[in-house]
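Here is the structure we will look at.
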Amino acid sequence: MIYKTFGQTGKQVSAVGFGGMRFDMSQPPKKNAELLLYAREKGINYFDTAPKYCNDKSEDIFGIALKQMKSVRDEIYVSTKGSPSDMPTADKARKAVEKSLKRMKVDKLDFYFVWCIRKLEHFELAIRKGGQYEGLLKCKEEGLIDHIVVSTHLRGSEIVQMLDKNYFEGVLMGVNILNFPYRWDGVQKAHESGLGVLAMNPLAGGVIPQHEDKLGFLAGEHETPTEAALRFCIGCPEITVTLVGFSRREHIDTACRIADNCRPLDAADIHRIREHVAENMDSLCTGCGYCLASCAQNIPVASYMQFYNEKLLTDKSEAQTIESLKIHLDWGVLVDRAAESADCIECGQCEEACTQHLNIMERLRELAGWEKHVKEQKSKK
Ligand code: SF4
Ligand code: SF4
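Using this note's numbering, you'd call the opening residue of the sequence shown number 8 and step up by one each time.
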């Protein structure tokens, strides 16, 4: 494992961080908690979670593991999060921190994220007088939190605007080997400002392992596109911690092996990737699920957008896309849909929630056209 200094905090954190958002929920909590202990044995010392992750069970799973790691508590770093819209007052922010401490069975959080800043208004809400940030500062004074950091899905130029105000000691961003040309200004600004920089979604929410056959250009010699994507973030001098969501020991082994032999991508690698990365690769659905609760029509927006990823990653003709959609409607990600793309009433709620700022309504219109073709083909048979 390699260790890096987290901004100006002086903390030496592992380049790979344990992301608590992808536990296998078919497993009992104790089994999932064992993954944290295993990660610690492998040299990982940064552990990140949030309320709501994994059906709101992730912080409890952390609690089981952290109780067993009490003797090494001062050798590990723990973070969780709270969104300004869920806790718009200082009082609510404090209560949320207390609740997380209790669930995670620790006396202090090393890092606490002002969570999920998708628009600058969310940031304004957090820092307003009597708001979340004020509550967190109080928690910091009382020793419940060591460092206040921020997690954001803003575009690079907006990240620059937010960081210019100088509220945070670190920033978590969705940056990876596919979208970095479009997000790099935010990473550079954070790094140059002396902040700890965390990357989430290093595998683009599973898009890279699922489409390795189409993403061969990412890989150098003797590595897979998935390994190259991990190496990109873990080896990047501007990125302090790469949060990887683990559900199995083998995932931890792979990330740690890459960190053990870490060689940053060189200029030739970066040039090769930049040549191939199309602008639409910043428009991939990461499967984060933030849109799931937003659709009153019960359209499985994330599943439709996951299908749409295929269109962005391949150069299929319209006929081939329709054929592929037919398979997904009958057997694939869309088989259990409660409503169809054509049921969209364009209320915009899903776009409001989308961490990737996707033009979901436009995509659903396109999908509805293809879905209509599929139905017509079926009715002719
Ligand atoms: S815009 Fe369409 S898909 Fe999105 S929430 Fe509204 S009805 Fe659902
Ligand atoms: S559509 Fe947006 S919010 Fe929904 S899963 Fe995809 S990236 Fe996440």
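Here a beta-carbon is modelled for each residue, glycine too, at the ideal position from N, C-alpha and C. Given the structure is predicted, the values throughout are model-derived calculations rather than measurements.
### Query
Curious, which full-length alpha helix (DSSP H) runs of at least 4 residues does the segment 96-173 contain?
97-111, 127-134, 139-148 and 163-171
### Query
Quick one: what's Lys-11 bridged to in DSSP?
Val-20
#### Entry: Reduced DSSP category for Val-340 - H, G, I as helix; E, B as strand; rest coil
coil
### Message
Looking at Cys-240: is its Cβ nearer than 8 Å to the Cβ of Tyr-297?
### Response
no
### Task
Consider the C-beta atom of Ser-301 and the heavy atoms of ligand 1; say whether any pair is separated by less than 7 Å.
yes
### Task
In the DSSP assignment, find the beta strand (DSSP E) that holds Thr-87 and state where it starts and stops.
84-89
### Task
Work out the CA separation of Ala-235 and Ile-68 for me, nearest whole Å.
30 Å
### Query
When burial is assigned at 16 or more other CB atoms within 10 Å of the CB, is Ser-90 buried or exposed?
buried
### Query
What separation, rounded to the nearest whole angstrom, lies between the Cα atoms of Cys-302 and Lys-88?
25 Å
### Message
Measuring straight from C-alpha to C-alpha, what distance separates Leu-58 and Thr-96?
### Response
Checking the sequence shown, residue 58 turns out to be Pro, not Leu. C-alpha separation (whole angstroms): 18 Å.
### Query
Measuring CA to CA, which of Leu-161, Ser-200 and Glu-353 is closest to Thr-16?
Ser-200
### Assigned secondary structure, Thr-233 (DSSP; H/G/I helix, E/B strand, else coil)
helix
### Task
Keeping to the same chain, check which residues put their C-beta closer than 7 Å to that of Gly-227; ignore five residues upstream and five downstream.
Ala-235 and Asp-276
### Query
When we look at the beta-carbon of Cys-354 and count the other beta-carbons within 10 Å, is it buried (16 or more) or exposed?
exposed
### Query
Just curious, the alpha helix (DSSP H) that Leu-319 is in, first and last residue?
308-320
### Query
How would you write the range of the alpha helix (DSSP H) that Asp-63 sits in, first residue to last?
60-63
### Message
Assess contact between the segment 299-314 and the segment 262-269, defined as three or more Cβ pairs (one per stretch) separated by less than 8 Å. Is contact present?
### Response
no
### Message
Is the beta carbon of Ala-46 closer than 8 Å to that of Phe-253?
### Response
yes
### C-beta contact flag for Leu-374 and Tyr-315 at 8 Å
yes
### Message
Could you check whether the segment 122-129 touches the segment 106-113, counting it as contact only if at least three pairs of C-beta atoms, one from each stretch, sit closer than 8 Å?
### Response
no
### Message
Among Val-381, Asp-322, Ile-352 and Leu-365, whose alpha-carbon lies nearest the alpha-carbon of Leu-336?
### Response
Val-381
### Task
From the DSSP output, read off the bridge partner residues of Gly-355.
BP columns for Gly-355 are empty, so no partner.
#### Entry: Nearest residue (CA-CA) to Lys-18, options Gly-213, Ser-290, Leu-291 and Val-204
Val-204
### Query
Cβ atoms of His-198 and Glu-245: under 8 Å apart, would you say?
yes
#### Entry: Reference Glu-347, options Asn-366, Arg-135, Arg-370 and Thr-328, closest by Cα
Arg-370
### Query
Rounded C-beta distance between Lys-196 and Val-156? I'm assuming under 8 Å.
So it is not a contact: roughly 15 Å between Cβ atoms.
### Query
When you compare only the Cα positions, how much space is there between Tyr-4 and His-229?
Given a span of 8 to 388 for the chain in the structure shown, any question on residue 4 remains unanswerable.
### Query
Is the distance from the Cβ of Phe-30 to the Cβ of Ser-65 below 8 Å?
yes
### Message
Let me make sure I understand the geometry here. Which of Asp-343, Gln-75 and Cys-146 has the alpha-carbon closest to that of Lys-99?
### Response
Cys-146
### Query
Between the C-alpha atoms of Gly-242 and Ile-280, what's the straight-line distance to the nearest angstrom?
16 Å
### Query
Does the separation of the CB atoms of Ser-290 and Gln-363 fall below 8 Å?
yes
### Query
Among Glu-131, Leu-73 and Ile-83, which residue has its Cα nearest to the Cα of Tyr-174?
Glu-131
### Task
Please report the Cβ distance between Phe-118 and His-154, rounded to the nearest whole angstrom; I am assuming they are in contact, meaning their Cβ atoms lie under 8 Å.
5 Å
### Query
Count the other CB atoms within 10 Å of the CB of Trp-191; is the residue buried (16 or more) or exposed (fewer)?
exposed
### Task
Return the chain-ordered list of same chain residues with a C-beta closer than 7 Å to the C-beta of Ile-329, the five sequence neighbours on each side being excluded.
Trp-377, His-380 and Val-381
### Closest residue to Leu-42 among Glu-286, Asp-260 and Lys-388 (Cα-Cα distance)
Asp-260
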